[in-house]
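Residue numbers (the numbering used here): 309 to 646.
As C-alpha cells, then:
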C-alpha cells in the first residue's frame with residue numbers, strides 16, 4: 309500500500325485529469341438528484357415559497373435602486389438585505405426568516421450558483437439579535453386584524469396632501485373594495501378598471517395560480533372612504549393612461565414606470581394605519597378580510613361576498629371569516645335574562 313505523503317507547504321495539489329473530473333461531476337449530479345428525490349414534498353413547496361419571496365425582495369429592491377439584480381445574485385449583501393427586508397417589511401418571525409435563508413441558499417445552489425459560507429454566516433449574524441427579541445418571536449401567532457370602514461376613514465384623514473397620499477388612499481380603499489390580496493392589487497391594470505355609472509367594474513388578475521375574477525365596486529356614501537372617487541382622483545392626479553394601476557413615487561414626487569410590488573402595496577396600508585394612530589397593526593390582508601367582515605355584518609349574501617373575494621364555496625378560510633364576522637350576531641349569552 310502506498311504511503312500518504314502530507315502536502316508540503318507552498319505546493320499545490322495535482323490537477324485532476326479529465327476522466328476523473330467527469331466521474332466526479334457525474335457523482336455530484338447523481339447526489340443532487342438523489343437528495344431531491346428523497347426530499348419531502350412539503351420541504352420542496354417551502355423552498356419554492358422561499359424563492360418566490362426572494363424574487364419579491366428583488367422587485368422591492370429594484371423599486372428603490374432603479375436596477376434589478378439577477379435572482380442568482382446571492383451574496384453577503386443581498387442575503388443580509390433579505391433578512392432586514394423580511395424583518396422590517398414582511399414582519400416575519402425570526403424562525404421563519406431562518407428557514408427562508410436555508411430555502412434560498414438550497415435553491416440557488418441547485419441552480420449551480422456558488423453561495424459562499426461568508427454570505428450565509430453574515431445573514432445569520434444579522435438574524436441573531438432578532439431571535440432574542442420577544443416581540444419578534446411572537447410574530448405570526450395570529451391573524452391580521454380586519455380593517456374597518458372607520459379605520460379607513462381615519463387613514464384617509466391622516467394621509468398626506470400629496471401625490472403619494474392620493475395614491476395611498478386609492479390603493480387601500482380599492483384593495484378593500486375588491487377584497488384583494490396584495491399581489492392582486494399590485495397586478496391591477498388601469499385598463500382593467502372601468503368607470504361606469506354605478507361605480508367601478510374591476511378585472512382582478514390571476515395570481516399564484518388562482519383564477520382571475522370580475523368584481524364591481526359601488527360608490528361609497530362617505531366621500532372620504534369612497535373607493536370610486538379615490539380611484540378617479542388618483543387617475544386624474546397621476547395622469548396614468550394604461551399599464552399598472554399603482555406606481556411607485558420618489559421622494560421628489562416623480563412617478564416610476566414599473567408596477568409596485570405586493571410588498572410595497574402591503575407597506576402602504578401598514579404605514580397609513582400607523583400614521584393615523586390606529587391601535588392595531590393593519591396589513592395588506594386586513595383590507596381583504598375587512599371587506600368580508602363588513603359585508604357580512606351589513607347582511608350581504610354569502611355568494612355575493614365570495615364572488616367579490618374569489619373564495620370557493622367550500623373554502624375553510626372564507627367560512628372562518630364568516631364565523632368571525634358572526635361572532636357577536638345573536639350571541640348565545642345575549643338576552644337570556646342575565
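Think of the CB as a built atom: it goes at the ideal place given N, C-alpha and C, for glycine as much as any other residue.
Query	Result
Residues near residue 370 in its chain [Cβ-Cβ closer than 6 Å; skip 5 each side]	376
The segment 583 to 591 touching the segment 445 to 465, judged by at least three CB pairs closer than 8 Å	yes
Sub-7 Å separation of residue 603 and residue 538 beta-carbons	no
Touching by the beta-carbon criterion (3+ pairs, under 8 Å), the segment 493 to 512 and the segment 437 to 445	no
Residues near residue 552 in its chain [Cβ-Cβ closer than 6 Å; skip 5 each side]	567
Selected residue, minimal CA-CA separation from residue 424, among 383, 484, 357 and 409	383
Exposed unless 16 or more other CB atoms sit within 10 angstroms - verdict on residue 398	buried
Test: residue 386 CB closer than 7 Å to a CB of chain D	Reference to chain D is not applicable here, since this structure consists of a single protein chain.
Under 7 Å between C-beta atoms of residue 524 and residue 495	no
CB of residue 421 within 7 Å of CB of residue 380, strictly	yes
CB-CB length for residue 577 against residue 480, believed under 8 Å	5 Å
Sheet register partners of residue 526 (DSSP bridge)	507
Simplified DSSP state of residue 512, which is helix, strand or coil	strand
Own chain partners of residue 526 with C-beta closer than 7 Å, once the 5 adjacent residues on each side are dropped	506 and 507
Counted within 10 angstroms of its Cβ, other Cβ atoms place residue 557 as buried (16 or more) or exposed	buried
Which listed residue (531, 393 and 354) has its alpha carbon closest to that of residue 367	393
Top-ranked residue by Cα proximity to residue 419, from 489, 550, 340 and 476	340
Beta bridge counterpart(s) of residue 556 as assigned by DSSP	Paired residues: none, contrary to the question.
7 Å Cβ shell around residue 614 - same chain, five flanking residues per side excluded	621 and 626
Residue 640 beta carbon near the ligand MN (any heavy atom closer than 6 Å)	In terms of ligand content, the structure shown is empty, and the ligand MN therefore cannot be addressed.
Residue from 414, 430, 373 and 378 with nearest C-alpha to residue 385	430
8 Å CB neighbourhood of residue 354 in its chain, flanking five on each side removed	407 and 411
Alpha carbon of residue 559 to alpha carbon of residue 473, nearest angstrom	12 Å
Inter-residue spacing [alpha-carbon to alpha-carbon] between residue 564 and residue 329	49 Å
Where the alpha helix (DSSP H) through residue 570 begins and ends	570 to 583
Residue 459 to residue 405 span [Cα, whole Å]	30 Å
Cβ-based burial, residue 522 [other Cβ within 10 Å; buried from 16]	exposed
Burial state of residue 395 (16 or more Cβ within 10 Å)	buried
Contact under 7 Å by Cβ, residue 490 with residue 598	no
Exposure of residue 492, with buried meaning 16 or more beta-carbon neighbours within 10 Å	buried
Assigned secondary structure, residue 596 (DSSP; H/G/I helix, E/B strand, else coil)	helix
Under 7 Å between C-beta atoms of residue 364 and residue 571	yes
Beta-carbon proximity of residue 617 to residue 600, cut-off 7 Å	yes
Burial state of residue 343, where buried means 16 or more other Cβ atoms lie within 10 Å	exposed
Neighbourhood of residue 531 by C-beta, 8 Å cutoff - its chain only, sequence neighbours within 5 removed	537
Residue 336 versus residue 470: straight-line alpha-carbon distance, rounded	57 Å
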